[in-house]
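Residue numbers (my numbering), protein chains in the order written: chain G, 1 to 173; chain D, 1 to 173; chain P, 1 to 173; chain H, 1 to 173; chain A, 1 to 173; chain V, 1 to 173. Just so you know, even glycine gets a beta-carbon here, dropped at the ideal spot from N, CA and C. Note that the structure is predicted; figures quoted are calculated from it, not measured.
6 protein chains.
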Amino acid sequence: MISKKPADSYTVMTEIVLPNDTNVFGNLMGGRLMYWMDIAAAIAAMKHCNAPVVTASVDNISFENPIKLGNTVHIEANVTRAFTTSMEVHLKVWGEDYTQQYRYKSNEAYYTFVALDPNRKPRLVPTLEPVTPEDQHLFDGALRRRQLRLILGGKMKPDDAVELKALFFKEQL
Amino acid sequence: MISKKPADSYTVMTEIVLPNDTNVFGNLMGGRLMYWMDIAAAIAAMKHCNAPVVTASVDNISFENPIKLGNTVHIEANVTRAFTTSMEVHLKVWGEDYTQQYRYKSNEAYYTFVALDPNRKPRLVPTLEPVTPEDQHLFDGALRRRQLRLILGGKMKPDDAVELKALFFKEQL
Amino acid sequence: MISKKPADSYTVMTEIVLPNDTNVFGNLMGGRLMYWMDIAAAIAAMKHCNAPVVTASVDNISFENPIKLGNTVHIEANVTRAFTTSMEVHLKVWGEDYTQQYRYKSNEAYYTFVALDPNRKPRLVPTLEPVTPEDQHLFDGALRRRQLRLILGGKMKPDDAVELKALFFKEQL
Amino acid sequence: MISKKPADSYTVMTEIVLPNDTNVFGNLMGGRLMYWMDIAAAIAAMKHCNAPVVTASVDNISFENPIKLGNTVHIEANVTRAFTTSMEVHLKVWGEDYTQQYRYKSNEAYYTFVALDPNRKPRLVPTLEPVTPEDQHLFDGALRRRQLRLILGGKMKPDDAVELKALFFKEQL
Amino acid sequence: MISKKPADSYTVMTEIVLPNDTNVFGNLMGGRLMYWMDIAAAIAAMKHCNAPVVTASVDNISFENPIKLGNTVHIEANVTRAFTTSMEVHLKVWGEDYTQQYRYKSNEAYYTFVALDPNRKPRLVPTLEPVTPEDQHLFDGALRRRQLRLILGGKMKPDDAVELKALFFKEQL
Amino acid sequence: MISKKPADSYTVMTEIVLPNDTNVFGNLMGGRLMYWMDIAAAIAAMKHCNAPVVTASVDNISFENPIKLGNTVHIEANVTRAFTTSMEVHLKVWGEDYTQQYRYKSNEAYYTFVALDPNRKPRLVPTLEPVTPEDQHLFDGALRRRQLRLILGGKMKPDDAVELKALFFKEQL
Numbered sequence: 001m002i003s004k005k006p007a008d009s010y011t012v013m014t015e016i017v018l019p020n021d022t023n024v025f026g027n028l029m030g031g032r033l034m035y036w037m038d039i040a041a042a043i044a045a046m047k048h049c050n051a052p053v054v055t056a057s058v059d060n061i062s063f064e065n066p067i068k069l070g071n072t073v074h075i076e077a078n079v080t081r082a083f084t085t086s087m088e089v090h091l092k093v094w095g096e097d098y099t100q101q102y103r104y105k106s107n108e109a110y111y112t113f114v115a116l117d118p119n120r121k122p123r124l125v126p127t128l129e130p131v132t133p134e135d136q137h138l139f140d141g142a143l144r145r146r147q148l149r150l151i152l153g154g155k156m157k158p159d160d161a162v163e164l165k166a167l168f169f170k171e172q173l
Numbered sequence: 001m002i003s004k005k006p007a008d009s010y011t012v013m014t015e016i017v018l019p020n021d022t023n024v025f026g027n028l029m030g031g032r033l034m035y036w037m038d039i040a041a042a043i044a045a046m047k048h049c050n051a052p053v054v055t056a057s058v059d060n061i062s063f064e065n066p067i068k069l070g071n072t073v074h075i076e077a078n079v080t081r082a083f084t085t086s087m088e089v090h091l092k093v094w095g096e097d098y099t100q101q102y103r104y105k106s107n108e109a110y111y112t113f114v115a116l117d118p119n120r121k122p123r124l125v126p127t128l129e130p131v132t133p134e135d136q137h138l139f140d141g142a143l144r145r146r147q148l149r150l151i152l153g154g155k156m157k158p159d160d161a162v163e164l165k166a167l168f169f170k171e172q173l
Numbered sequence: 001m002i003s004k005k006p007a008d009s010y011t012v013m014t015e016i017v018l019p020n021d022t023n024v025f026g027n028l029m030g031g032r033l034m035y036w037m038d039i040a041a042a043i044a045a046m047k048h049c050n051a052p053v054v055t056a057s058v059d060n061i062s063f064e065n066p067i068k069l070g071n072t073v074h075i076e077a078n079v080t081r082a083f084t085t086s087m088e089v090h091l092k093v094w095g096e097d098y099t100q101q102y103r104y105k106s107n108e109a110y111y112t113f114v115a116l117d118p119n120r121k122p123r124l125v126p127t128l129e130p131v132t133p134e135d136q137h138l139f140d141g142a143l144r145r146r147q148l149r150l151i152l153g154g155k156m157k158p159d160d161a162v163e164l165k166a167l168f169f170k171e172q173l
Numbered sequence: 001m002i003s004k005k006p007a008d009s010y011t012v013m014t015e016i017v018l019p020n021d022t023n024v025f026g027n028l029m030g031g032r033l034m035y036w037m038d039i040a041a042a043i044a045a046m047k048h049c050n051a052p053v054v055t056a057s058v059d060n061i062s063f064e065n066p067i068k069l070g071n072t073v074h075i076e077a078n079v080t081r082a083f084t085t086s087m088e089v090h091l092k093v094w095g096e097d098y099t100q101q102y103r104y105k106s107n108e109a110y111y112t113f114v115a116l117d118p119n120r121k122p123r124l125v126p127t128l129e130p131v132t133p134e135d136q137h138l139f140d141g142a143l144r145r146r147q148l149r150l151i152l153g154g155k156m157k158p159d160d161a162v163e164l165k166a167l168f169f170k171e172q173l
Numbered sequence: 001m002i003s004k005k006p007a008d009s010y011t012v013m014t015e016i017v018l019p020n021d022t023n024v025f026g027n028l029m030g031g032r033l034m035y036w037m038d039i040a041a042a043i044a045a046m047k048h049c050n051a052p053v054v055t056a057s058v059d060n061i062s063f064e065n066p067i068k069l070g071n072t073v074h075i076e077a078n079v080t081r082a083f084t085t086s087m088e089v090h091l092k093v094w095g096e097d098y099t100q101q102y103r104y105k106s107n108e109a110y111y112t113f114v115a116l117d118p119n120r121k122p123r124l125v126p127t128l129e130p131v132t133p134e135d136q137h138l139f140d141g142a143l144r145r146r147q148l149r150l151i152l153g154g155k156m157k158p159d160d161a162v163e164l165k166a167l168f169f170k171e172q173l
Numbered sequence: 001m002i003s004k005k006p007a008d009s010y011t012v013m014t015e016i017v018l019p020n021d022t023n024v025f026g027n028l029m030g031g032r033l034m035y036w037m038d039i040a041a042a043i044a045a046m047k048h049c050n051a052p053v054v055t056a057s058v059d060n061i062s063f064e065n066p067i068k069l070g071n072t073v074h075i076e077a078n079v080t081r082a083f084t085t086s087m088e089v090h091l092k093v094w095g096e097d098y099t100q101q102y103r104y105k106s107n108e109a110y111y112t113f114v115a116l117d118p119n120r121k122p123r124l125v126p127t128l129e130p131v132t133p134e135d136q137h138l139f140d141g142a143l144r145r146r147q148l149r150l151i152l153g154g155k156m157k158p159d160d161a162v163e164l165k166a167l168f169f170k171e172q173l
């Protein structure tokens, strides 16, 4: 099983915000956006492992700017690191108003997927080899984010999160 | 502005998993579930503050058991703590197969909402007064979760997260 | 097969009225509401019989107050009586505007479901034992409503509807 | 305001049953069908009164034969009688499997609509003049169905339902 | 296999334009209309051949008048000619505003469908016999439209399109 | 008003085929695909003109390979030529099965959009300057396709379609 590069799983998704996607202020609902992000991230994960995938977890998401009715949503996704049977996917989300020529950040997020075999058991996935410095930065951070995920999910004791402990209070995750 | 209790915002949402909600394994897609959770949590937040709300952030979510096509999804939500203009909402999600009389946990999550005034500016929300020990436990943890959220969002320096620092490696968030 | 109580099948469903659910006046369309009521009632029926169910009939529904865009819809459902292979489910529907702290009745309704076995043939369901006086009142009325249903569906001669005949002109169904 | 004929409001709606319209047996859900019927009936009512309409009530509906995934749904609707500001609409629903050349009845129903003026107040609608014997039969029955509706909705005392009383036990409504 | 008439496949579909069907001007999106037309045309094709069908191609469509939110869409479809295993379906689309009593043309179109057998291979379909002069006109034009379709799809050399060549510059297709 | 290049409007849209998007064979319905193509093409057109757009017409589309349930749909779109107030958009559509590592063409198409000003009147759009030989090829063909569109729409006499006449029987449109 050969390794893959982040660019191999690069996925772009584009949507227009329609009336039913909006709250009473006419802005895209957070829940609808998370639904689209889940689909974009699942496609990136499938590109990496060439197998069906299921969402295992979603990291913290902060919604910075509302995306308005009629505006376009851009979602970019790619795998940042592979862990035996799971993959972390990084997403960047922008809104864009073409009539105003105004493009604005909505959020960044990390989704984790598990690859499944035909019996619905986890299966091995190719390793990921970072290429650019940005790839390497996301690859390194993936280990700490994974430890935080396991602690928050009650599956790791904080004392065992060596990389997280060392770095948590030095830089942003 | 009087304070409110967690039970005042208690909300129950029930859905059946239909074909379009499922992935190729016939299980509920994570993204669809997050969409429903967003609506249930928004209702709980509106109950607390009696104002329109927008999703500000979502904490880590781990999906523990897949929910199958035709099964029922139960979502329970209530506000755990209020912070000036924002509210943290705790959600518990179960799946249930009535024909098998089998009920199973899917996940727990925390969504944060901001209340808006008619000019779309943040407005004050009632404080939350915990009543039961469980309420108090969630209320106390909300402060640490908020500090983690702010650090992860780049809006707080780790050194200033006093409560989180003191407790992060002692108990689960 | 043990009998069950009305509380055993108690189901709560909560929805927000989104743009696509509304007519040109910005109010919830009757058809969309009946769709949601069908799902809530089906869940209540499945809770009672622990088997798959199909909608057999719907009684008269009067829509009293329109539910507005952005308002919350509350649907409460529970089984009121079981008849060999079918169950009558009672639904109460409210709208609620949290920003105005205004809660208003939309309608009450009765849906009837049939339980099916794996060969899609009707199967026996547990009997229902009323507990409270309200339970008893709904349980008693179910017989008359069933006779009316059978007459309206052309499956019973009016002369055979003994309970209905005796009571029809004395009190509301 | 001139009167209209039943044929003036005659409306045909045709749909294919898609996966998301079905229950676990692969048959059209009752709730989805009632949603489509509401739209077909609303169009018939608008044709009659040339004004926006809202659903006031729905009479008893019995679902006789399940409509299968991939089958076609036919809904025919027309106004049967007008009452000052409201209209009764009669619906006939069939399923059809073209590959088997098999056409089967699903149900018949009566929906009632109220016409609204721009201030959302009920407005007068044209009277309906029956033409064929079938038109006349439905026109005559509409009065009794209306009395039953008012009694079931608690808006008329059974003793005042003269036509219903006289005929209720003589023929089917 | 007997032949069929255009009237045998005549299909009427009626829809109301809801908020999610519209663009930022509050008019029906072209893409949504083509989706409805595809379903109406598929029903007409199934009526003709009594077999499952798949869309093979769509001819040029010009959208003449926008259809507004809340207006009714009428789609009429019938088969115009059969070619061994495929059928051409002609569609006429109108919008109608009942409150203004205003009916306006949206577009005309031709969809082509292929009938499939249980192994998903193309199967023979009944021939079509035109009855009225209008039927004959559409039947004759179908041959030229088919040649144009094959040329545009790169499956026929222009020199072989005898009927099209002879008539293309004499009258409208 | 400066001119733009084809790459300026380049748009990528990615979707997963869900159950409700499929016909009875489990393949993507043509109508759903045309709906997605309409949105992708509209985004490309808005990128070019920075104004709201409406679909004016769609050219012949042939569906070559069915796209299966669970497969990914890729839609690429960019403007090929601008005509005073309208733009022609070229779309390429592929399906992809990541588990089989199999990518296949579905179709190519041309959609035409008109840019509107705030009064809903057509407005001028920037001219398009082709850059690559492929750009130039599409740019040149756009004139002939436009003449064919006008002839098919009854807005141009065949004799006036000089470019189309000269080239129609020499190469594919």
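With a cut-off of 8 Å, does the C-beta of residue 24 of chain P fall near any C-beta of chain A?
In the third sequence, residue 24 of chain P corresponds to position 24, counting from 1. With 8 Å as the cut-off, residue 24 of chain P counts as an interface residue toward chain A.
According to DSSP, is residue 173 of chain D part of a helix, a strand, or is it coil?
Locating residue 173 of chain D in the second sequence gives position 173, counting from the first residue. Unreliable placement is indicated for residue 173 of chain D, whose pLDDT of 49 sits below 50; no coordinate value is reported for it.
Please compile the residues from chain A whose C-beta is within a distance smaller than 9 Å of the C-beta of residue 63 of chain V.
By one-based count along the sixth sequence, residue 63 of chain V stands at place 63. The answer, in chain order, is 54, 55, 56, 57 and 58.
Quick one: is residue 66 of chain A near chain P, going by C-beta distance under 8 Å?
In the fifth sequence, counting from the first residue as 1, residue 66 of chain A sits at position 66. Judged by the 8 Å Cβ criterion, residue 66 of chain A is not in contact with chain P.
So is residue 172 of chain D in contact with chain V if we call contact Cβ pairs under 8 Å?
The sequence position of residue 172 of chain D within the second sequence is 172, counting from 1. Bear in mind that the predicted position of residue 172 of chain D carries a pLDDT of just 47, short of 50, making it too unreliable to give a figure here.
If residue 49 of chain V and residue 126 of chain V are in contact, beta carbons under 8 Å, what's the gap, nearest whole angstrom?
For the purposes of this step, residue 49 of chain V is identified with residue 49 of the sixth sequence, where counting begins at 1. For the purposes of this step, residue 126 of chain V is identified with residue 126 of the sixth sequence, where counting begins at 1. Indeed, because the Cβ distance is near 7 Å, the residues count as touching under 8 Å.
Go ahead and pull the three-state DSSP assignment for residue 60 of chain P.
Counted from its first residue, the third sequence places residue 60 of chain P at position 60. Residue state, collapsed to three classes: coil.
What are the boundary residues of the beta strand (DSSP E) that residue 91 of chain H is part of?
As a working note, residue 91 of chain H is residue 91 in the fourth sequence. Unbroken beta strand (DSSP E) run through residue 91 of chain H: 86-97.
Since I believe residue 54 of chain H is in contact with residue 25 of chain P (beta carbons under 8 Å), could you give me their beta-carbon distance rounded to a whole number of angstroms?
Walking along the third sequence from the start, residue 25 of chain P turns up at place 25. Walking along the fourth sequence from the start, residue 54 of chain H turns up at place 54. Contact flag correct, Cβ pair sits at about 7 Å.
What's the gap between the Cα of residue 62 of chain V and the Cα of residue 63 of chain P?
Indexing the sixth sequence from 1 puts residue 62 of chain V at position 62. Indexing the third sequence from 1 puts residue 63 of chain P at position 63. Approximately 48 Å between the Cα atoms of the pair.
Contact defined as beta carbons within less than 8 Å: I believe residue 82 of chain V pairs with residue 37 of chain V. What is the distance between those atoms, to the nearest angstrom?
Counting from one through the sixth sequence, the residue named residue 82 of chain V turns up at place 82. Counting from one through the sixth sequence, the residue named residue 37 of chain V turns up at place 37. Not confirmed; about 20 Å, so no contact.
If you follow the beta strand (DSSP E) that residue 113 of chain G is in, where does it begin and where does it stop?
One-based indexing of the first sequence puts residue 113 of chain G at position 113. Residues 102-115.
Between which two residues does the alpha helix (DSSP H) holding residue 34 of chain A run?
As a position in the fifth sequence, residue 34 of chain A is number 34, starting the count at 1. Start and end: 30-49.
List, in order along the chain, the chain H residues whose C-beta lies closer than 9 Å to that of residue 51 of chain A?
Along the fifth sequence, read from residue 1 onward, the residue named residue 51 of chain A stands at position 51. What residue 51 of chain A touches in chain H: 98 and 99.
Could you name the residues of chain G that residue 20 of chain A contacts, counting a contact when the two beta carbons are closer than 7 Å?
Translated into the one-based positions of the fifth sequence, residue 20 of chain A becomes position 20. Result: 18, 19 and 20.
Using CA atoms only, rank isn't needed, just tell me which of G:20, G:4 and G:87 is closest to residue 42 of chain G.
On the first sequence, position 42 is the one that residue 42 of chain G refers to. Checking every option, the nearest Cα to that of residue 42 of chain G belongs to G:87.
Residues of the segment 133-163 of chain D in Cβ contact with chain G at a cutoff of 8 Å, in chain order, please.
So the list reads 148, 149, 151, 152, 153, 154, 158 and 159, given in the order they occur along the chain.
Considering only residues of the same chain and omitting the five flanking positions on each side of residue 22 of chain D, which have a CB-CB separation below 7 Å?
Reading the second sequence from its first residue, position 22 is the one you call residue 22 of chain D. Here the set comprises 28, 29 and 69.
Closer than 6 Å by C-beta to residue 143 of chain P: which residues in its own chain qualify, once you throw out the five before and the five after it? Chain order, please.
One-based indexing of the third sequence puts residue 143 of chain P at position 143. Excluding positions up to five away in sequence, the list reads 163.
Does the beta-carbon distance from residue 91 of chain V to residue 67 of chain V come in below 8 Å?
By 1-based counting over the sixth sequence, the position of residue 91 of chain V is 91. By 1-based counting over the sixth sequence, the position of residue 67 of chain V is 67. Taking 8 Å as the Cβ cut-off, residue 91 of chain V and residue 67 of chain V do not qualify as a contacting pair.
Cβ of residue 148 of chain P within 8 Å of Cβ of residue 51 of chain P?
For the purposes of this step, residue 148 of chain P is identified with residue 148 of the third sequence, where counting begins at 1. For the purposes of this step, residue 51 of chain P is identified with residue 51 of the third sequence, where counting begins at 1. No; because the gap between Cβ atoms is not below 8 Å, this pair is not in contact.
Measuring only between beta-carbons, confirm whether residue 39 of chain G sits less than 8 Å from chain V.
In the first sequence, the residue the question calls residue 39 of chain G occupies position 39. So, interface residue.
Could you check whether the Cβ of residue 95 of chain D sits closer than 8 Å to any Cβ belonging to chain H?
Mapped onto the second sequence, residue 95 of chain D falls at position 95. Taking Cβ atoms only, chain H never reaches closer than 8 Å to residue 95 of chain D, which makes this a no.
Out of G:121, G:139 and G:100, which has the shortest C-alpha to C-alpha gap to residue 85 of chain G?
Translated into the one-based positions of the first sequence, residue 85 of chain G becomes position 85. Checking every option, the nearest Cα to that of residue 85 of chain G belongs to G:121.
What do you reckon, are the CB atoms on residue 72 of chain V and residue 96 of chain V nearer than 8 Å?
Within the sixth sequence, numbered from 1, the residue matching residue 72 of chain V stands at position 72. Within the sixth sequence, numbered from 1, the residue matching residue 96 of chain V stands at position 96. Contact: yes.
Return the bridge partner residues of residue 128 of chain D from the DSSP annotation.
Along the second sequence, read from residue 1 onward, the residue named residue 128 of chain D stands at position 128. Answer is D:4, bridged to residue 128 of chain D.
Alpha carbon to alpha carbon, what distance is there between residue 161 of chain A and residue 103 of chain G?
Within the first sequence, numbered from 1, the residue matching residue 103 of chain G stands at position 103. Within the fifth sequence, numbered from 1, the residue matching residue 161 of chain A stands at position 161. Residue 103 of chain G and residue 161 of chain A: Cα-Cα distance of roughly 50 Å.
Can you pull the chain H residues whose beta carbon is under 9 Å from the beta carbon of residue 29 of chain P, in chain order?
Here the question's residue 29 of chain P lines up with position 29 in the third sequence. Residues of chain H passing the Cβ test: 35, 38, 39, 42, 54 and 55.
Residues in the same chain with beta-carbon distance under 7 Å from residue 56 of chain G, minus the five sequence neighbours each way, listed in chain order, please.
On the first sequence, residue 56 of chain G is found 56 positions in, with the first residue counted as 1. Cβ within range, chain order: 86, 112, 113 and 114.
When burial is assigned at 16 or more other CB atoms within 10 Å of the CB, is residue 134 of chain H buried or exposed?
As a position in the fourth sequence, residue 134 of chain H is number 134, starting the count at 1. Answer is exposed; the Cβ neighbour count stays below 16.
Using DSSP with H/G/I as helix, E/B as strand and the rest coil, what is residue 66 of chain G?
Position 66 of the first sequence, counting from 1, holds the residue named residue 66 of chain G. Residue 66 of chain G falls in the coil class under three-state DSSP.
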